[in-house]
Amino acid sequence: MKERDELLERLGVREATLVHYDIRRSNTGARTTLNRFLFGRSDVKAVNGGSKTYRYPGLAEAGAEWIGQSVFLLEPDLGDRLIVKLRELGVRHWARTVYVPM
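This is the structure in structure tokens:
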């Protein structure tokens, strides 16, 4: 593994995962869950006569890069997390390992 990492560094590239998913428009529950997982959400709760905002970051804030509609470029560990979520939701998806400039 060390040799491979050294080769990638010499070439000036890093490994990433390109993920594309295809979710049906009618599957609103899965769409909402996936959007929250990817982009995060904020909830405002009433607390002691005031309000408190709770932020839940998504993968995009953790470093996932939105390429286009239903396409993300992610670090391999984030790609694995997205693939697991897509499988849990029963969403068709494709993933490929790609190499991008550092």
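Sequential numbering of the sequence shown, starting at 43, is according to my numbering.
For every residue, glycine included, the Cβ atom is placed at its ideal position computed from N, Cα and C.
A quick note: this is a predicted structure, and the numbers were derived from the prediction, not measured.
Given this structure, state the Cα-to-Cα distance separating residue 68 from residue 114, to the nearest angstrom.
For the purposes of this step, residue 68 is taken as the residue at position 26 of the sequence shown. For the purposes of this step, residue 114 is taken as the residue at position 72 of the sequence shown. Residue 68 and residue 114: Cα-Cα distance of roughly 22 Å.
Span separating the alpha-carbon of residue 98 from that of residue 84:
The residue you call residue 98 lines up with position 56 of the sequence shown. The residue you call residue 84 lines up with position 42 of the sequence shown. Each residue's Cα considered, the two are about 6 Å apart.
Going by Cα to Cα distance, which pick from 95, 46 and 73 is closest to residue 132?
What you label residue 132 is simply residue 90 of the sequence shown in a count that begins at 1. It is 73.
Just reading off the beta strand (DSSP E) that residue 143 is part of, what are its end residues?
Walking along the sequence shown from the start, residue 143 turns up at place 101. Start and end: 134-143.
Counting contacts by CB-CB distance shorter than 9 Å, is residue 68 in contact with chain D?
The chain labelled as chain D is not found in the depicted structure, where only one protein chain is given.
Could you work out which residue in 63, 86, 88 and 50 is closest to residue 77 when comparing CA atoms only?
Translated into the one-based positions of the sequence shown, residue 77 becomes position 35. Looking at the Cα atoms, 63 is the closest of the given residues.
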